[in-house]
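Notes follow the structure.
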Amino acid sequence: MSRPLLKPLLILALVSLAAMVLSVGTGSVSVAPGQVLAVLLGEGSNLQQTLVLELRLPRTLSAFATGGLLAVAGALMQVLLRNPLADPYVLGLSGGAAVGALLAMLAGLGGLIISGSAFAGALLATLMVFGLAHGTGSWTPSRLLLTGVVVAAGWGAVITLMLAISPAQRLPGMLYWLMGDVSYARSPWPALGFLLLVCLLVVPLGRSLNVLARGPMQAAALGVAVRPLEWTIYILASLLTATAVTMAGSIGFVGLVVPHMLRLVLGNDQRLILPACALAGGTLLVLADTLARVVIAPEQLPVGVITALLGVPTFLYLLYRSR
Amino acid sequence: MNPLRAKALVIDIPGRGDGQPLDFTVEPGQMWGVLGPNGAGKTTLLHTLAGLRAPRHGAVHLCEHSLTELRRRQISQQLGLVFQERQDGFPATVLETALIGRHPWLSPWQMESGDDERFARRALDQLDVGHLSDRLVNTLSGGERQRVAIATVLTQAPDTWLLDEPTNHLDMHHQVSVLQLLTDQARAGRSVFMCLHDLNLAARWCDHLLLLYPNGDACWGPAEQMLVPQALERLYDQKLITVEADGAPVFVPVKS
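Line by line, the protein sequences give chains U and S.
Numbered by full-length UniProt numbering, the letters in the first sequence go through residues 1 to 323 in order.
Numbered by full-length UniProt numbering, the letters in the second sequence go through residues 1 to 256 in order.
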């Protein structure tokens, strides 16, 4: 990778590290940044060890992974649809994944099956939205977006229905699917590994994605095998979304806000934007989660509330400006 | 240098009969013009020749292979297409736009090198848009965008150029310089195949013509054999007066 791409990524990586140290240090008992680093290096008191390594770090890493996954998924969908308004949440992918996961939970299944079911839900949602929007002609991005929004509303209704009929003792565990909350997340490592893998995978695809952003015909004329590439993006975006949703429920608008902000500053080279989205999306969610923990401490807000408060104005602004 | 061949080609226009199958070869050094009224299928023909649309019957051959047997990347190293309509979902600068012409020539892991950038800048200069290289494409005028699109294909450096109305939006001076650039490409042994609205530009610059009628009929051949007033009047459903200027025929519509 050449140097002009490396510098912004290095800066973003440093910012995310700082955000993570801040997040790990913040809470009912604060830990100073220096001490956080000391604990990570294997020093510090037992209390600090437990607090940082067992309680806070997994949650911070989960928030980072979720944000990164959602931002990369959003950026990929935007290239696919050539529309900056595309986002896994807006297009109903998160809703489909949440329905899949809830169904598995209602059936009393656990662990891996919930993840698999969420992925199936995300894939089904993608196929449904693209299939319906295709209809009898070629799909236009605006039609696709509208279909996605309506289907997302449908998923929302199904989720509410399932919450209404499910036994009361399951409710607290299920509600977070609706709002998005990283406090229930299990081990962050598989998701982080997957995020890293996707970032490595999209670097060789990056230039083809740049060409695809100019329309499928132009891309085909410049030697891109459009259909296989589009399918790769569908599947990757669904996988990313499903992984994020299984970890933290449906958190909205990260996939919308982060790529938009980055494009304003860094331009639209996917080889830079996609890894940058992973870093900046992760950072945003880490900070949002930290905020969610401290705003009304000792109570906690679901982090989805914070991202929605950021995302809705951004979406409306983009819509207003695009005309 | 490989000729582009249409073999018993019938383009697929919904609701239209097969008409006359097309059988022609665009040889290196030739400059072809496609003439026809609106809706005759000029753009569809161009997209079919580029392999972007499947023909109803017949095949398009490039270097002795049917386009369907070649990978898109191989095709794009030999065939460049200037579209009539362009969409830009995301803002991009003029230089970035021209640089994507290098895409067929770079491997997935390769970044654009300094050579690629010089290539793109030279192409932009040749089309008189070099001074705009840092501007965003969506802030340009129609004619400037048209020239950027042509510069992108010049950066791609294909042996065969397909162009859909390359003189659209251009003022007269730039129309002439674009056609001169294409003539230079043909003289260098490449081939040019373009749809044109303007009969007189085609008569003046093209050595071969293909007339495409709305019912699917077609005829093609050397320009001087095709520029028959009766055939052109039937093509455009318009009475014409023929005058000669500077050794080439000029067609003027009759006022009704």
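We put the CB at the ideal spot given by N, CA and C, even for glycine.
Being a predicted model, the structure only gives us computed values, none of them experimental.
Beta-carbon spacing of F251/S, L232/S below 8 Å:
Stepping through the second sequence from its first residue, residue 251/S is reached at position 251. Stepping through the second sequence from its first residue, residue 232/S is reached at position 232. Taking 8 Å as the Cβ cut-off, F251/S and L232/S qualify as a contacting pair.
Whole-number beta carbon distance between A213/U and G80/S, since they are thought to touch under 8 Å
In the second sequence, residue 80/S corresponds to position 80, counting from 1. In the first sequence, residue 213/U corresponds to position 213, counting from 1. So it is not a contact: roughly 19 Å between Cβ atoms.
Where does the unbroken alpha helix (DSSP H) through I150/S begin, and where does it stop?
In the second sequence, residue 150/S corresponds to position 150, counting from 1. Note, I150/S: alpha helix (DSSP H), G142 to Q156.
Classification of Q156/S by the beta-carbon crowding that lies within 10 angstroms, buried from 16 upward:
Looking up residue 156/S in the second sequence gives position 156. The residue is buried, with at least 16 neighbouring Cβ atoms inside 10 Å.
Does the separation of the CB atoms of L93/U and S238/U fall below 8 Å?
Translated into positions along the first sequence, residue 93/U becomes position 93. Translated into positions along the first sequence, residue 238/U becomes position 238. Yes. Within cutoff.
When you compare each of S16/U, S30/U, Q270/U and V21/U to L5/U by their alpha carbons, which one comes out closest?
Indexing the first sequence from 1 puts residue 5/U at position 5. When only C-alpha atoms are compared, the closest one is Q270/U.
Strictly under 8 Å for the Cβ-Cβ distance: is N46/U near chain S by that measure?
Along the first sequence, read from residue 1 onward, the residue named residue 46/U stands at position 46. No, no contact with chain S.
Between G41/S and L182/S, is the Cβ-Cβ spacing less than 8 Å?
Locating residue 41/S in the second sequence gives position 41, counting from the first residue. Locating residue 182/S in the second sequence gives position 182, counting from the first residue. Against a cut-off of 8 Å, the Cβ pair of L182/S and G41/S comes out as no contact.
Based on DSSP bridge pairs, tell me the residues matched to T93/S.
Locating residue 93/S in the second sequence gives position 93, counting from the first residue. Its beta-bridge partners are L136/S.
Our contact map puts G282/U next to G68/U with C-beta atoms below 8 Å; I'd like the distance itself, whole angstroms only.
Position 282 of the first sequence, counted from the first residue, corresponds to residue 282/U. Position 68 of the first sequence, counted from the first residue, corresponds to residue 68/U. Confirmed, about 4 Å.
Those residues which DSSP pairs with G221/S across a bridge:
By 1-based counting over the second sequence, the position of residue 221/S is 221. The partner list for G221/S (beta bridge, DSSP) reads L209/S.
The alpha helix (DSSP H) enclosing A248/U, as first and last residue numbers:
Sequence index remark: in the first sequence, residue 248/U carries index 248 (1-based). Here the alpha helix (DSSP H) through A248/U covers V226 to A248.
Taking the C-alpha atoms as reference points, what is the distance between A98/S and P104/S?
In the second sequence, the residue the question calls residue 98/S occupies position 98. In the second sequence, the residue the question calls residue 104/S occupies position 104. Each residue's Cα considered, the two are about 13 Å apart.
For V303/U and G180/U, which I take to be in contact (beta-carbon distance under 8 Å), what is that distance rounded to the nearest angstrom?
Counted from its first residue, the first sequence places residue 303/U at position 303. Counted from its first residue, the first sequence places residue 180/U at position 180. Correct: roughly 6 Å between the Cβ atoms.
Can the beta-carbon of D115/S be found closer than 8 Å to that of H57/S?
Locating residue 115/S in the second sequence gives position 115, counting from the first residue. Locating residue 57/S in the second sequence gives position 57, counting from the first residue. Not in contact: D115/S and H57/S (Cβ atoms no closer than 8 Å).
Chain-ordered residues of the segment 215-240 of chain U with a beta carbon less than 7 Å from chain S:
G215, M217, Q218, A220, A221, L222, G223, V224 and A225
Taking Cβ to Cβ, would you say H208/S is nearer than 8 Å to Q30/S?
Your numbering for residue 208/S matches position 208 in the second sequence. Your numbering for residue 30/S matches position 30 in the second sequence. Result yes, Cβ atoms of H208/S and Q30/S sit closer than 8 Å.
One question on the structure: do V60/S and A6/S come within less than 8 Å of each other, judged by their Cβ atoms?
Within the second sequence, numbered from 1, the residue matching residue 60/S stands at position 60. Within the second sequence, numbered from 1, the residue matching residue 6/S stands at position 6. Yes; because the gap between Cβ atoms is below 8 Å, this pair is in contact.
Quick check: is the beta carbon of H61/S nearer than 8 Å to any beta carbon in chain U?
As a working note, residue 61/S is residue 61 in the second sequence. Not closer than 8 Å to any Cβ of chain U, the Cβ of H61/S fails to qualify, so no.
Within a Cβ cutoff of 8 Å, which residues of the same chain sit near V79/U, ignoring the five residues on either side of it in sequence?
Here the question's residue 79/U lines up with position 79 in the first sequence. Closer than 8 Å at the Cβ level, and outside the excluded window around V79/U, lie L209, L212, A213, I233 and Q270.
Would you tell me roughly how many angstroms separate the C-alpha atoms of F64/U and A98/U, rounded to the nearest one?
The residue labelled residue 64/U in the question sits at position 64 within the first sequence. The residue labelled residue 98/U in the question sits at position 98 within the first sequence. Cα to Cα, the separation comes out at about 20 Å.
For the putative contact between L61/U and L192/U, defined by C-beta atoms under 8 Å, what is the C-beta separation to the nearest angstrom?
As a working note, residue 61/U is residue 61 in the first sequence. As a working note, residue 192/U is residue 192 in the first sequence. The pair is a contact, with the Cβ atoms about 6 Å apart (cut-off 8 Å).
Measure the alpha-carbon distance for A32/U versus E43/U and round it to whole angstroms.
The sequence position of residue 32/U within the first sequence is 32, counting from 1. The sequence position of residue 43/U within the first sequence is 43, counting from 1. Straight-line Cα distance between these residues: approximately 14 Å.
With H, G and I counted as helix, E and B as strand and the rest as coil, what does DSSP make of D198/S?
Within the second sequence, the letter at position 198 stands for residue 198/S. D198/S: coil per DSSP, three-state reduction.
For a test of the three-state rule: what should DSSP assign to M1/U, helix, strand or coil?
In the first sequence, the residue the question calls residue 1/U occupies position 1. Note that M1/U scores 39 on pLDDT, short of 50, meaning its location in the model is unreliable; the coordinates nonetheless yield the value given after this. Coil, per DSSP.
Which one or two residues does DSSP pair with K7/S in a beta bridge?
Start at 1 with the first residue of the second sequence, and residue 7/S comes out as number 7. The partner list for K7/S (beta bridge, DSSP) reads A59/S.
Are the beta-carbon atoms belonging to T48/S and L4/S less than 8 Å from one another?
One-based indexing of the second sequence puts residue 48/S at position 48. One-based indexing of the second sequence puts residue 4/S at position 4. For T48/S and L4/S, no; Cβs fall outside 8 Å.
At which residues does the alpha helix (DSSP H) containing W189/U begin and terminate?
Locating residue 189/U in the first sequence gives position 189, where the first residue counts as 1. Counting along the chain, the alpha helix (DSSP H) containing W189/U begins and ends at W189 to L212.
Beta-carbon proximity of L12/U to L279/U, cut-off 8 Å:
On the first sequence, position 12 is the one that residue 12/U refers to. On the first sequence, position 279 is the one that residue 279/U refers to. Contact flag set, yes.
Do G215/U and R82/U count as a contact pair if the criterion is CB distance below 8 Å?
Here residue 82/U refers to the residue found at position 82 when the first sequence is read from its first residue. Here residue 215/U refers to the residue found at position 215 when the first sequence is read from its first residue. It is a contact, given that the beta carbons lie within the stated cut-off.
Taking all protein chains shown into account, decide if S115/U is buried (16 or more other Cβ within 10 angstroms of its Cβ) or exposed.
Within the first sequence, numbered from 1, the residue matching residue 115/U stands at position 115. Buried, because 16 or more other Cβ atoms sit within 10 Å of the Cβ of S115/U.
Neighbouring residues, chain U, relative to I75/S (Cβ below 8 Å)
Here the question's residue 75/S lines up with position 75 in the second sequence. Neighbours of I75/S on chain U, chain order: G223.
Our contact map puts N2/S next to D159/S with C-beta atoms below 8 Å; I'd like the distance itself, whole angstroms only.
For the purposes of this step, residue 2/S is identified with residue 2 of the second sequence, where counting begins at 1. For the purposes of this step, residue 159/S is identified with residue 159 of the second sequence, where counting begins at 1. 7 Å between Cβ atoms; contact.
Any chance you could list the alpha helix (DSSP H) runs of at least 4 consecutive residues sitting entirely within the segment 220-251 of chain S, in chain order?
223-226 and 229-236
Give every residue of the same chain whose Cβ lies closer than 7 Å to the Cβ of P8/U, excluding the five residues on either side of it in the sequence, and list them in chain order.
Numbered from its first residue, the first sequence carries residue 8/U at position 8. Here the set comprises L266, L272 and A276.
So T93/S packs on R145/S, CB below 8 Å; how close in whole Å?
The sequence position of residue 93/S within the second sequence is 93, counting from 1. The sequence position of residue 145/S within the second sequence is 145, counting from 1. With a Cβ gap of about 13 Å, T93/S and R145/S do not count as contacting.
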